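Colleague:
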Amino acid sequence: MTTKNVTIKLGSRLIEHAEVSARSTSESKIVSGFRLRLLHTAMRLHIVLIAAKCYKNPIDWLSALKYLIKIRRQFLGNHKLQKVMKIDRRYYMGIYIPAWFSSGFEQFVMNELKSYKPIPRCSNRFNTAFMAITSKCPLQCDHCYEWDRLNKKEIDYKNKLKFILAELNERGVNQVHFTGGEPLMKTDRLIDLLKNAPKSIDYWITTSGYTLDQNKAKRLKKAGIKGIIVSLDHFSPEEHNKFRHHDQAYHWALEAIKNTISQGMIAALSLCVTPNFATEENLLNYMILARDLGVSFVQLLEPKAIGRYKNKDVSLSSENIILLESFFLKMNFERPYRSFPIIGYHGQYQRRQGCLSAGKRSIYLDMEGNLHACPFCQKKAGNILEPEFDDQLEQLVSAGCSAYN
Numbered sequence: 235m236t237t238k239n240v241t242i243k244l245g246s247r248l249i250e251h252a253e254v255s256a257r258s259t260s261e262s263k264i265v266s267g268f269r270l271r272l273l274h275t276a277m278r279l280h281i282v283l284i285a286a287k288c289y290k291n292p293i294d295w296l297s298a299l300k301y302l303i304k305i306r307r308q309f310l311g312n313h314k315l316q317k318v319m320k321i322d323r324r325y326y327m328g329i330y331i332p333a334w335f336s337s338g339f340e341q342f343v344m345n346e347l348k349s350y351k352p353i354p355r356c357s358n359r360f361n362t363a364f365m366a367i368t369s370k371c372p373l374q375c376d377h378c379y380e381w382d383r384l385n386k387k388e389i390d391y392k393n394k395l396k397f398i399l400a401e402l403n404e405r406g407v408n409q410v411h412f413t414g415g416e417p418l419m420k421t422d423r424l425i426d427l428l429k430n431a432p433k434s435i436d437y438w439i440t441t442s443g444y445t446l447d448q449n450k451a452k453r454l455k456k457a458g459i460k461g462i463i464v465s466l467d468h469f470s471p472e473e474h475n476k477f478r479h480h481d482q483a484y485h486w487a488l489e490a491i492k493n494t495i496s497q498g499m500i501a502a503l504s505l506c507v508t509p510n511f512a513t514e515e516n517l518l519n520y521m522i523l524a525r526d527l528g529v530s531f532v533q534l535l536e537p538k539a540i541g542r543y544k545n546k547d548v549s550l551s552s553e554n555i556i557l558l559e560s561f562f563l564k565m566n567f568e569r570p571y572r573s574f575p576i577i578g579y580h581g582q583y584q585r586r587q588g589c590l591s592a593g594k595r596s597i598y599l600d601m602e603g604n605l606h607a608c609p610f611c612q613k614k615a616g617n618i619l620e621p622e623f624d625d626q627l628e629q630l631v632s633a634g635c636s637a638y639n
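The sequence shown begins at 235 in the working numbering and counts up one residue at a time.
Have a look at this one:
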């Protein structure tokens with residue numbers, strides 16, 4: 235593959251990014267305008283067909299669609315969809331929503347419709363599971379939520395992880411995100427885990443990008459990985475390396491994105507927006523880099539006082555939050571920004587609809603199979619390998635998230 239130096243103008247200065255690969259033919263393509271309207275109409279018709287499988291009464295079919303439209307407006311107001319991403323001949327509107335018209339999307343819709351009216355014989359309990367496969371990591375990131383358990387001695391979790399994955403499949407999960415630690419330190423373990431894994435699930439990796447070279451990306455794609463979320467916390471190499479406490483962190487991240495795209499997997503970036511980073515200029519510079527790297531999605535995370543941040547005042551101010559929410563809407567719904575990746579911002583959703591984790595739409599499972607509300611709210615609420623797990627899950631759902639209840 236040919237390469238070129240990509241020079242990105244950041245405000246009044248230039249940052250030189252050496253040897254960023256030229257985009258491959260498998261990169262994402264932004265779909266907007268008339269073609270998007272046609273696709274969106276077809277997607278809504280697909281939802282009606284899914285509802286017809288779930289409910290006998292035809293009145294429920296259209297009512298179910300109206301219910302989902304109402305839910306979306308509660309999250310995003312009346313903003314109309316402006317763009318989706320076409321990747322490997324499939325259409326995506328976000329990291330945590332399976333491709334339109336796929337079996338995973340059907341499972342996703344059915345899970346959402348359970349809140350409209352119970353669905354007989356529906357096994358879906360939640361959409362997404364975050365699943366830790368190691369505590370090992372070569373970095374020492376400022377915001378690490380696993381800090382207290384990082385690099386602890388591990389036993390052989392091979393069979394236990396396979397049992398956990400089987401249990402998730404039985405409950406109709408449509409996405410599993412492998413986390414750590416740094417999951418790419420256990421690439422062989424991950425590939426072995428995926429050998430007989432259910433094909434109905436979309437598998438993702440959340441990583442720093444650690445040593446994700448072309449060969450490793452090819453192996454992961456062949457094993458069944460759908461997408462890779464690379465944590466990149468600054469557009470400046472020096473600042474990102476400082477935040478991650480490793481002089482190769484920025485290089486790893488950019489190489490990981492390049493190799494993810496070249497293998498036809500979905501590439502996304504994850505940014506922890508600290509109070510010092512939260513300016514319009516910084517956010518725009520980051521999105522320029524994300525666009526020029528060819529990623530499809532950018533995930534904005536708010537810092538939490540857990541792990542290495544425990545007992546530290548890292549919360550965003552009300553002014554920071556107003557800025558982030560405004561930036562999120564501008565990038566996703568205003569015409570001049572159609573060429574940029576789609577932004578996902580959990581905090582924006584949570585402040586309007588409550589936490590989407592804690593068993594409602596997602597859960598977090600550590601290496602032992604212990605159930606937690608999410609990676610940032612780690613308090614054991616049960617274990618997926620125990621017979622009473624479903625009761626434990628119901629208790630977690632009832633308790634909800636203390637931060638957003």
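C-beta: ideal position from N, C-alpha, C; glycine also.
What you are looking at is a predicted structure, and each value in this text was computed from that prediction instead of being measured.
Going by alpha carbons, who is nearest to Asp436 out of Glu346, Met499, Asn475 and Asp390?
Modeller: Start at 1 with the first residue of the sequence shown, and residue 436 comes out as number 202. It is Met499.
Colleague: May I ask you to verify whether the segment 395-414 touches the segment 436-452, counting CB pairs closer than 8 Å and requiring at least 3?
Modeller: Touching, yes.
Colleague: Mapping the DSSP letters down to three states, classify Ala633 as helix, strand or coil.
Modeller: Mapped onto the sequence shown, residue 633 falls at position 399. If DSSP states are grouped into helix, strand and coil, Ala633 belongs with the helices.
Colleague: From this set, Leu518, Ile264, Lys392 and Glu380, which residue's C-alpha is nearest Arg323's C-alpha?
Modeller: Here residue 323 corresponds to residue number 89 of the sequence shown, with the count starting at 1. If we check each option's Cα against that of Arg323, Ile264 comes out closest.
Colleague: So, helix, strand or coil for Asp436, using DSSP?
Modeller: Start at 1 with the first residue of the sequence shown, and residue 436 comes out as number 202. In the structure shown, Asp436 sits in a strand (DSSP, three-state: E or B).
Colleague: So the alpha helix (DSSP H) Gly338 belongs to, where does it begin and stop?
Modeller: Numbered from its first residue, the sequence shown carries residue 338 at position 104. Ser337 to Leu347 is the extent of the alpha helix (DSSP H) around Gly338.
Colleague: What ranges does the alpha helix (DSSP H) occupy inside the segment 386-456, keeping only unbroken runs of at least 4 residues that lie completely in it?
Modeller: With a minimum length of 4 residues, the continuous alpha helix (DSSP H) runs that stay inside the segment 386-456 are 392-404 and 421-428.
Colleague: Does Cys635 pass the burial test, meaning 16 or more other C-beta atoms within 10 Å, or should it be called exposed?
Modeller: For this step, residue 635 is matched to residue 401 along the sequence shown. Label assigned to Cys635: buried.
Colleague: So who's on the other strand from Phe531, going by DSSP bridges?
Modeller: On the sequence shown, residue 531 is found 297 positions in, with the first residue counted as 1. In DSSP, Phe531 forms a bridge with Ala502 and Ile576.
Colleague: Using the Cβ count rule (16 or more neighbours within 10 Å means buried), how would you classify Phe268?
Modeller: Counting from one through the sequence shown, the residue named residue 268 turns up at place 34. Per the 10 Å Cβ criterion, exposed.
Colleague: Please report the straight-line C-alpha distance between Trp295 and Ser262, rounded to a whole angstrom.
Modeller: If you number the sequence shown from 1, residue 295 lands on position 61. If you number the sequence shown from 1, residue 262 lands on position 28. Approximately 33 Å between the Cα atoms of the pair.
Colleague: Can you check DSSP and say which residues form a bridge with Met365?
Modeller: As a first step, residue 365 is located in the sequence shown; it is residue number 131 there, counting from the start. Met365 pairs with Phe412 and Leu599.
Colleague: Which residue from Lys594, Val631, His580 and Glu602 puts its Cα closest to that of Phe309?
Modeller: Walking along the sequence shown from the start, residue 309 turns up at place 75. For the residues Lys594, Val631, His580 and Glu602, the minimum Cα distance to Phe309 belongs to His580.
Colleague: Is the Cβ-Cβ distance between Phe342 and Asn408 less than 7 Å?
Modeller: Indexing the sequence shown from 1 puts residue 342 at position 108. Indexing the sequence shown from 1 puts residue 408 at position 174. The answer is yes: Cβ separation under 7 Å.
Colleague: Could you tell me the alpha carbon to alpha carbon distance between Leu466 and Lys287, rounded to whole angstroms?
Modeller: Along the sequence shown, read from residue 1 onward, the residue named residue 466 stands at position 232. Along the sequence shown, read from residue 1 onward, the residue named residue 287 stands at position 53. Each residue's alpha carbon lies about 42 Å from the other.
Colleague: Do Pro608 and Ser591 have their C-beta atoms closer together than 7 Å?
Modeller: The residue given as residue 608 occupies position 374 in the sequence shown. The residue given as residue 591 occupies position 357 in the sequence shown. Per the sequence shown, the amino acid found at residue 608 is Cys instead of Pro. For Cys608 and Ser591, yes; Cβs fall inside 7 Å.
Colleague: Just the C-alpha distance for Ser337 and His377, rounded to the nearest angstrom, thanks.
Modeller: Locating residue 337 in the sequence shown gives position 103, where the first residue counts as 1. Locating residue 377 in the sequence shown gives position 143, where the first residue counts as 1. Whole-angstrom Cα-Cα distance: 36 Å.
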